[in-house]
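All remarks here apply to the structure that follows.
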Amino acid sequence: MSYGDFSFSEVLDTFNLTTEESEGIFSNIKPKEPSSLYKQTLVEYIKFVGLSSSEKLRSEALVFPLLAELVRSAPTQLNIFSGSDFTVDQSRGLNGRCDFLITKSPEFLAIRSPVIVVVEAKKSDLGEGLGQCLATMVAAQIFNGDPLRPILGTITTGTVWIFMMLENNVVKIDLAEYSIKQADMILGILSSVIDKP
Numbered sequence: 020m021s022y023g024d025f026s027f028s029e030v031l032d033t034f035n036l037t038t039e040e041s042e043g044i045f046s047n048i049k050p051k052e053p054s055s056l057y058k059q060t061l062v063e064y065i066k067f068v069g070l071s072s073s074e075k076l077r078s079e080a081l082v083f084p085l086l087a088e089l090v091r092s093a094p095t096q097l098n099i100f101s102g103s104d105f106t107v108d109q110s111r112g113l114n115g116r117c118d119f120l121i122t123k124s125p126e127f128l129a130i131r132s133p134v135i136v137v138v139e140a141k142k143s144d145l146g147e148g149l150g151q152c153l154a155t156m157v158a159a160q161i162f163n164g165d166p167l168r169p170i171l172g173t174i175t176t177g178t179v180w181i182f183m184m185l186e187n188n189v190v191k192i193d194l195a196e197y198s199i200k201q202a203d204m205i206l207g208i209l210s211s212v213i214d215k216p
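This is the structure in structure tokens:
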């Protein structure tokens, strides 16, 4: 078993998690204006992606540039890991490769604590990524050794983003969908976990 084998309900049951679901959980977060370079790049990349169903193209053209913008503008050292093995507890199915992890560690060659954001890219159906993303968030919580440190998770097609937050054993799910055209709001949400202790 690995992250991708979990359904959302299996993660909830296996790791004794509860949920809080509502629209606009992150609506009070201040948007973070992206750079003019990012805005210009986004316009060009959206043209390339068009109606493509390629998960790889969407990740490279839409997801990574937004995450790179987050890292570039962060007030502290962040690192992005893409496609990296993140085995935390194989006996419980907490193993596999992650689309993207963001850490607050200065190390580039190895994933180090704290992991603060888990990103799961999907080519179309966001719902199918919920279990995989949440299982990876649980692994990040265990890896960090601090159940009170919030872990932000997002599932995205590149053009549409949904978010959830894991803190202790509670998963807060924002039922709102955010468009890549709301890059300032997406960056604001992603930035919200950077300053948390």
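In the working numbering, the protein residues as written are 20 to 216.
Glycine included, C-beta positions come from ideal geometry on N, C-alpha and C.
These figures come from a predicted structure and were not determined experimentally.
query	result
Between which two residues does the beta strand (DSSP E) holding Gly172 run?	Ile170 to Thr175
Measuring straight from C-alpha to C-alpha, what distance separates Gly112 and Thr155?	10 Å
Just the C-alpha distance for Arg168 and Glu63, rounded to the nearest angstrom, thanks.	37 Å
If I measure Cβ to Cβ from Arg131 and keep anything under 7 Å in the same chain, skipping five residues before and after, which residues do I get?	Thr122 and Ser124
Using the DSSP secondary-structure output, state which residues sit across from Val179 in a beta bridge.	Ser198
Taking the DSSP output, what are the residues bridged to Thr38?	Val190
On the CB-based measure, 16 or more other CB atoms within 10 Å of its CB, does Thr95 come out buried or exposed?	exposed
Just to confirm, are Phe100 and Phe83 a CB contact at a threshold of 8 Å?	no
So, is Thr37 buried or exposed, given that buried needs 16 or more other C-beta atoms within 10 angstroms?	exposed
Let me know the alpha helix (DSSP H) ranges lying completely inside the segment 71-96, each 4 residues or longer, listed in chain order.	74-77 and 83-92
Starting from Ile184, follow its DSSP beta bridges and name the residues at the other end.	Note on identity: in this sequence residue 184 is Met, with Ile being the wrong assignment. Partner(s): Leu171 and Lys191.
Would you report the Cα separation of Ser15 and Asp203, rounded to the nearest angstrom?	Within the shown structure, residues of the chain are numbered from 20 to 216, placing residue 15 beyond reach of any answer.
Taking 8 Å as the limit between beta carbons, can you name the residues of its chain near Val68, skipping five residues before and five after?	Leu76, Arg77, Ala80, Leu81, Gly177 and Thr178
Just curious, the alpha helix (DSSP H) that Ser101 is in, first and last residue?	Careful: Ser101 lies outside any alpha helix (DSSP H), inside the beta strand (DSSP E) at Asn98 to Ser101.
Report the residue from Lys191, Gln201, Val90 and Lys215 whose alpha carbon sits nearest the alpha carbon of Leu61.	Gln201
So what's Glu126 in DSSP terms, helix, strand or just coil?	coil
Using CA atoms only, rank isn't needed, just tell me which of Val212, Leu171 and Ser210 is closest to Asp193.	Leu171
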